[in-house]
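Undergrad: Numbering (numbering that gives the first Met the number 0), first residue to last: 0 to 357. We treat Cβ as the ideally placed atom computed from N, Cα and C, and that holds for glycine. This is the structure I want to talk about, given as structure tokens.
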Amino acid sequence: MSFDPETLPGGGLGWMDGTGEQAGVVLSTRVRLARNVEGYAFSGRAREGERLRVLSQVRDALSVIPAARDGVLVRVDQLEEPDRLLLHERHVVSKELAALDTGTPPRSGAAVHVGRDVAIMVNEEDHLRIQAMRSGLDLDRAFADARDIDVELGQRVPFAYHREFGFLTACPTNVGTGLRASVLVHLPALVLTKEIGRVLVGLQQVGLTYRGLYGEGSEVIGNLFQISNQTTLGKSEQDLLDYLQDIVRHVIEKELEARKVLLRDAEYILEDKLWRAYGTLRYARSLSFDEAMNFLSGVRLAAGLKLIDGLSVYILNELLVFTQSAHLSAREGRVLTEDEASVVRAAFVRETLERAAQ
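In structure tokens, the structure reads:
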């Protein structure tokens with residue numbers, strides 16, 4: 000593999016350090032601002048020359064912006080698929096920008112500028128997707144990070160803006176503020192108590208939506224749910240953030256209540272289930288990704304309930320990222336088959352948990 004992700008500031012993984020409010024339940028917070036450069040067709044309709052001019056204009060602006068000074072620009076359209084997948088597994092690029100599962104190469108001009116806390120995708124659905132990620136529940140700081148780049152970039156690159164409608168975007172649901180905020184939460188107790196269905200229906204009733212680990216189009220795995228706003232028009236950025244934060248706090252309270260119920264009503268059954276998950280991870284010789292995520296969910300719950308010592312949130316987040324296929328292939332220096340990846344995954348999990356137990 001030609002691309003070294005360690006050349007990125009913080010490896011593009013600052014969001015997984017296990018700090019921040021409610022880090023035991025909330026893995027990460029992301030705020031994304033969609034912007035388009037005035038005078039060019041949106042990325043999906045733009046010609047190759049237009050996309051390349053957008054990239055050149057944005058790259059020149061980023062080179063003189065103080066908030067982006069330490070960032071690294073990666074031409075996604077020049078990477079091989081395993082490297083694009085690795086960036087996607089780190090939540091640095093979207094599946095669309097990386098052209099994964101399409102059988103076609105990325106569109107010309109596809110790129111990402113990666114800083115320690117902010118990544119800027121260029122020529123995705125919109126010309127720019129400015130996204131900031133933070134560990135734990137930290138919407139205000141994530142928004143501040145994205146806004147700083149947005150303001151400085153907007154002073155050098157003219158954004159498509161309508162006096163009545165706000166920022167213009169390729170998808171009508173993003174018109175207005177262009178803001179999408181999401182919080183990735185771990186909700187195993189609500190799943191075990193069969194309350195999760197009611198909670199998810201409640202989210203939709205109050206105008207929010209939920210997705211899996213990788214956002215739109217991804218399945219829920221390992222009891223990880225990404226909760227986000229659906230529309231951006233007609234409300235200020237702060238209103239959207241405050242509303243999402245209030246609802247997420249309510250969901251967290253429900254999850255913590257469900258954990259107390261499990262400990263009170265089914266303590267021995269719960270402990271047995273969680274220790275079995277830990278034992279499987281400690282000694283298994285082959286693990287599919289789905290198996291690893293589901294067992295890790297149990298171990299994450301056990302750590303949150305103080306049933307297992309020595310497992311930090313950082314270690315659990317590390318296992319979440321580095322057990323994915325592109326990371327395992329990078330570890331071995333070659334593309335692995337599914338069966339080979341299962342064996343390497345199990346070995347990596349065993350080694351990591353053994354170190355943590357020492």
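Quick check for students: name the residue ranges of the alpha helix (DSSP H) that lie wholly in the segment 177-226, counting only runs of 4 or more.
TA: 187-191 and 195-204
Undergrad: Work out the CA separation of P104 and L212 for me, nearest whole Å.
TA: 24 Å
Undergrad: Go ahead and label Y282 buried or exposed: buried means 16 or more other beta carbons lie within 10 angstroms of its beta carbon, across all protein chains shown.
TA: exposed
Undergrad: Pick helix, strand or coil for H161, following the three-state DSSP scheme.
TA: It is a strand residue.
Undergrad: Determine the contact status of V36 and F158, defining contact as a CB-CB distance below 8 Å.
TA: Yes, the Cβ-Cβ distance between V36 and F158 is below 8 Å.
Undergrad: Starting from the C-beta of E20, find all residues in its chain whose C-beta is less than 6 Å away, skip the five residues before and the five after it, and write them out in chain order.
TA: Counting only Cβ-Cβ distances below 6 Å, and skipping sequence neighbours, we find G135 and L136.
Undergrad: Taking 8 Å as the threshold, find out whether the segment 305-321 comes into contact with the segment 249-261 through three or more Cβ pairs.
TA: The segment 305-321 vs the segment 249-261: no contact.
Undergrad: Do the segment 117-132 and the segment 31-49 meet, that is, are 3 or more Cβ pairs less than 8 Å apart?
TA: yes
Undergrad: Considering only the beta carbon of each residue, do L280 and V174 sit closer than 8 Å?
TA: For L280 and V174, no; Cβs fall outside 8 Å.
Undergrad: Span of the beta strand (DSSP E) holding T28?
TA: In this chain, the beta strand (DSSP E) harbouring T28 covers V25 to R34.
Undergrad: Among S93, V198 and G108, which one has its Cα closest to the Cα of L54?
TA: For the options S93, V198 and G108, the alpha carbon positioned closest to that of L54 is the one of G108.
Undergrad: Can you give me the Cβ contacts of G10 inside the same chain, cut-off strictly under 8 Å, excluding the 5 residues immediately before and after it?
TA: P4 and R89
Undergrad: Using alpha carbons as the reference points, say which of K234, E256 and I195 lies closest to I226.
TA: I195
Undergrad: Leaving out five residues on either side along the sequence, give the residues of the same chain with a beta carbon under 8 Å from the beta carbon of T192.
TA: A257, V260 and L261
Undergrad: Shortest alpha-carbon distance to L240 belongs to which of E79, T28, V343 and V91?
TA: T28
Undergrad: Which first and last residues belong to the alpha helix (DSSP H) in which M292 is found?
TA: F288 to G303
Undergrad: Thinking C-alpha only, which one of E290, A340, Q203 and A110 is nearest S324?
TA: Measuring from the Cα of S324, the nearest candidate turns out to be A340.
Undergrad: State the start and end residues of the unbroken beta strand (DSSP E) segment that holds R128.
TA: L127 to S134
Undergrad: Check whether the segment 197-213 touches the segment 268-275, counting contact only when three or more Cβ pairs, one atom from each stretch, lie closer than 8 Å.
TA: These segments do not touch.
Undergrad: Is DSSP giving A110 helix, strand or coil here?
TA: strand
Undergrad: Determine, using beta carbons only, whether L178 and L304 come nearer to each other than 8 Å.
TA: no
Undergrad: Are there 16 or more other CB atoms within 10 angstroms of the CB of H161, so buried, or fewer, so exposed?
TA: exposed
Undergrad: Assign V75 to one of two classes, buried (16 or more other C-beta atoms within 10 Å of its C-beta) or exposed (fewer than that).
TA: buried
Undergrad: Following the continuous beta strand (DSSP E) through R119, name the residue where it begins and the one where it ends.
TA: It is worth fixing the name first, because residue 119 is Ile in this sequence and not Arg. From DSSP, the beta strand (DSSP E) with I119 extends over V117 to V121.
Undergrad: Please report how far the alpha carbon of H112 lies from the alpha carbon of L202, in whole angstroms.
TA: 33 Å
Undergrad: Does Q56 have its Cβ less than 8 Å from a Cβ in chain D?
TA: Structure shown: chain D not included; a single protein chain is present.
Undergrad: Our contact map puts A180 next to L138 with C-beta atoms below 8 Å; I'd like the distance itself, whole angstroms only.
TA: 6 Å
Undergrad: From the DSSP secondary-structure annotation, give me the bridge partner or partners of F166.
TA: Y160 and G175
Undergrad: Please confirm whether R128 and M120 have their CB atoms less than 8 Å apart.
TA: Yes.
Undergrad: Could you check what DSSP says for M0 in three-state terms: helix, strand or coil?
TA: Residue placement at M0 is flagged as unreliable, the pLDDT there being 44, under the threshold of 50; a coordinate-derived value is accordingly withheld.
Undergrad: Can you give me the Cβ contacts of D116 inside the same chain, cut-off strictly under 6 Å, excluding the 5 residues immediately before and after it?
TA: G13, A131 and D144
Undergrad: Return the CA-CA distance between R140 and I64, expressed in angstroms with no decimal places.
TA: 19 Å
Undergrad: Where does T231 land, buried or exposed, given buried means 16+ other C-beta within 10 angstroms?
TA: T231 should be labelled buried.
Undergrad: Ends of the beta strand (DSSP E) at R74?
TA: V71 to R74
Undergrad: According to DSSP, is E124 part of a helix, a strand, or is it coil?
TA: coil
Undergrad: In the DSSP assignment, what are the bridge partners of N228?
TA: L207
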